Amino acid sequence: MIEMGAADVPLTVQTNILSLSRSSVYYQPAPPSAAEVAAKHRIDELYLEFPYYGARRMAAQLDREGQSFDRKTVRNYMQEMGLIAVYPGPNLSKRHRAHRVFPYLLRDVTPAVPDHVWSTDITSIRLRHGWMYLVAVLDWYARYSVRWACSDTLEIGFVLDAARQALARATPQLWNTDQGSHFTSPQFTALVLTSGAHLSMDGKGRALDTIFTERLWRTIKYDHVFLHDWATPREARQSLGQCIHTYNERRLHQSLGYRPPAEVSFTRASA
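Using our numbering, you'd call the opening residue of the sequence shown number 13 and step up by one each time.
Below, the structure written as structure tokens:
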């Protein structure tokens, strides 16, 4: 870590020790352009409507709407947002080759009680001039959002925070994720396994494995995110907190007999 105000060690010495150029220390990343932000916002909306669109068709759709970007640029945008077309093929998230991948354990499994099966996923959240990231831990039986967290970056800390907070509430029998690098990381896998839960990971091309979480993202974005224009991450966090509270405590789910998730989760858990 470079300390710009360190009096004892000159900046030149610090950069030499770390094998860095001095110019890189003063570099300030440029904010995304208005065109990039607008394109990503529209890609987010289109992906919910057409989750099977890859970069080629997404670029073609943007072009038809007057936003011209080449396929490579659109592909990079989708990767930054964690969006990959849903179709049989490579896994949806970038896998770290050095990380262990766990077998898929949910074949022929139907959640029978609260905290039987949890899943965790990450999605991007649009802001007025950019975006941030939301992670949620979802109880499949009750469709209950056990815990969630937001971050301005995709550093792993916010994922671990959400997982720790969820485990402070309960321990699932099975915890399912995709094969993304956050979830195959030693930090996350150790956290899950030491809790006593069994870790399950989606098989490649198994689009239905994340269906409950994808429905949660769809609900949050259509019912809330797309209706707001948050200027700062702080505004987004506060508003998302209200949204998820409403989703858990008040929103009626047809699949739950027109009851809210919290009612199903806590009624069965206390029975």
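Backbone N, C-alpha and C fix where the C-beta goes; we use that ideal spot for every residue, glycine too. Keep in mind it's a predicted model, so treat the numbers as computed, not measured.
Since residue i and residue j should fall inside the 8 Å C-beta cutoff, what is the C-beta to C-beta distance between them, to a whole number of angstroms?
| i | j | result |
| --- | --- | --- |
| residue 118 | residue 188 | 6 Å |
| residue 147 | residue 165 | Contact flag wrong, Cβ pair sits at about 12 Å. |
| residue 200 | residue 174 | That belief does not hold up - the Cβ atoms of residue 200 and residue 174 are roughly 10 Å apart, past 8 Å. |
| residue 186 | residue 129 | 5 Å |
| residue 127 | residue 182 | 5 Å |
Using a 10 Å radius around the Cβ and a threshold of 16 neighbouring Cβ atoms, would you call residue i buried or exposed?
| i | result |
| --- | --- |
| residue 16 | Unreliable positioning characterises residue 16 in this predicted model, as indicated by a pLDDT of 49, which lies under 50. A coordinate reading is not provided. |
| residue 43 | exposed |
| residue 239 | exposed |
| residue 52 | buried |
| residue 194 | buried |
| residue 259 | buried |
| residue 45 | exposed |
| residue 180 | exposed |
| residue 192 | buried |
Between the alpha carbons of residue i and residue j, how many angstroms are there, rounded?
| i | j | result |
| --- | --- | --- |
| residue 59 | residue 95 | 8 Å |
| residue 81 | residue 142 | 18 Å |
| residue 197 | residue 177 | 18 Å |
| residue 247 | residue 54 | 21 Å |
| residue 170 | residue 74 | 32 Å |
| residue 272 | residue 85 | 41 Å |
| residue 202 | residue 245 | 30 Å |
So for residue i, helix, strand or coil by DSSP?
| i | result |
| --- | --- |
| residue 54 | helix |
| residue 37 | Note on residue 37: pLDDT 49, under 50, position unreliable in the model; the coordinate value appears next. Residue state, collapsed to three classes: helix. |
| residue 150 | strand |
| residue 142 | strand |
| residue 135 | strand |
| residue 129 | strand |
| residue 47 | helix |
Do residue i and residue j have their C-beta atoms within less than 8 Å of each other?
| i | j | result |
| --- | --- | --- |
| residue 267 | residue 151 | no |
| residue 134 | residue 116 | no |
| residue 153 | residue 125 | yes |
| residue 56 | residue 136 | yes |
| residue 235 | residue 214 | no |
| residue 87 | residue 67 | yes |
| residue 91 | residue 50 | no |
Does the distance between the C-beta of residue i and the nearest non-hydrogen atom of the ligand ADP fall short of 7 Å?
| i | result |
| --- | --- |
| residue 157 | Annotation note on the ligand ADP: not contained in the displayed structure, which lists no ligands. |
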